[in-house]
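In the numbering used here, the protein residues as written are 1 to 261. Each residue gets a CB set at the ideal place from its N, CA and C atoms; glycine is no exception. Inspection log for the structure reproduced underneath, given as structure tokens.
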Amino acid sequence: MTERRVAIVTGANGAIGVGICQGLAERNYEVVMVCRNAGRARQADGEIEKAVSGARLRIEIVDVSRKQEIAALAGRFAGRLDVLVNNAAVAPRRRTETPEGIETEFATNVLGYVWMMQAFEKALSAAAPARIVNVASYWAGDLDLDDLEFKRRDYNNDTAYRQSKQCNRMLTVAFARRWPPSQITVNACHPGDVHSTLSHALGYGGHESPEQGADTPVWLATDPSVAGVTGKYFAGRRQQACQFAKDEQAIARLLEICESW
Ligand SMILES: NC(=O)c1ccc[n+]([C@@H]2O[C@H](COP(=O)([O-])OP(=O)(O)OC[C@H]3O[C@@H](n4cnc5c(N)ncnc54)[C@H](OP(=O)(O)O)[C@@H]3O)[C@@H](O)[C@H]2O)c1
């Protein structure tokens, strides 16, 4: 019998996160649900178990805005890892900082993705060919490399969010170059427009179901047609030209800053 493939999904109890976990469980992946709140994690776990009979799920309580918690997860993680889906995100209306003093939206949405890719490089490489999917957005822009944490600019959660999603797309290009596609592929995507805590905080709704929102991330994580494709940006299962992928200098500088934390 072939061993079940394993996927980690961050923000697994969120609207799109549940859809991604469900889609992966339906494809027979064991899913490690990375959540920061045990109650919300258990509720999501129950929903997925009800929807997918025989789903194999594991819960890990981790705050992805904190590097030590990600390192601790990687330290206790045992067994194979085929897929990492970076999906957790926040958009607090007021500027806040993590206990380490990093602006929360940048720490969660950007550094959290980087720290997860760094922490699980070894496990993913061991299961090659492995895949990383970075859930980003078409709603992206406003990057200021001299003020990533809104120390000089007035904080606005929409601007901070757009910046974070631009960073996800640029860092996807940078991390994809680290590994040959036969080892680990790294792609970014716009999921779908789904009503969620996040979309509410940003002041918009969402006309798609969580399942529709999860479709492109799950497809990127599992579909044979995208095996070996790396460093690209997708929406609606289609590769899109990414305006942020061309600025080599900015990508290099962003990577250097993120790796200095
Ligand atoms: N919804 C849309 O229309 C839309 C459109 C484009 C892109 N996206 C992207 O899709 C992804 C999922 O968004 P969503 O709409 O599903 O939002 P959501 O329902 O608000 O889910 C966000 C998830 O991230 C988790 N999270 C936040 N901070 C965390 C932390 N420090 N540590 C661990 N987990 C943390 C949340 O946990 P808690 O429940 O504990 O807060 C929640 O599970 C995001 O990357 C977002 O940028 C969404």
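In the displayed model, Phe234 falls within a strand according to three-state DSSP. Residue pairing from DSSP leaves Arg152 without any beta-bridge partner. By the neighbour-count criterion, in which a residue is buried when 16 or more other Cβ atoms sit within 10 angstroms of its Cβ, Glu121 is buried.
Beta-bridge analysis with DSSP links Val133 to Val85, Asn187. A direct Cα-to-Cα measurement between Asn37 and Ile70 gives close to 15 Å. Cys35 carries a strand assignment under DSSP once its states are collapsed to helix, strand and coil.
Under DSSP, Glu103 shares a beta bridge with Glu97.
When the five nearest sequence neighbours on each side are left out, the beta carbons in the same chain lying within less than 6 Å of the beta carbon of Glu26 are those of Val52, in order along the chain.
In terms of CA proximity to Gln43, Asn13 leads the group Asn13, Tyr29, Arg66, Ala72. In this structure, ligand 1 has a non-hydrogen atom nearer than 8 Å to the beta-carbon of Cys35.
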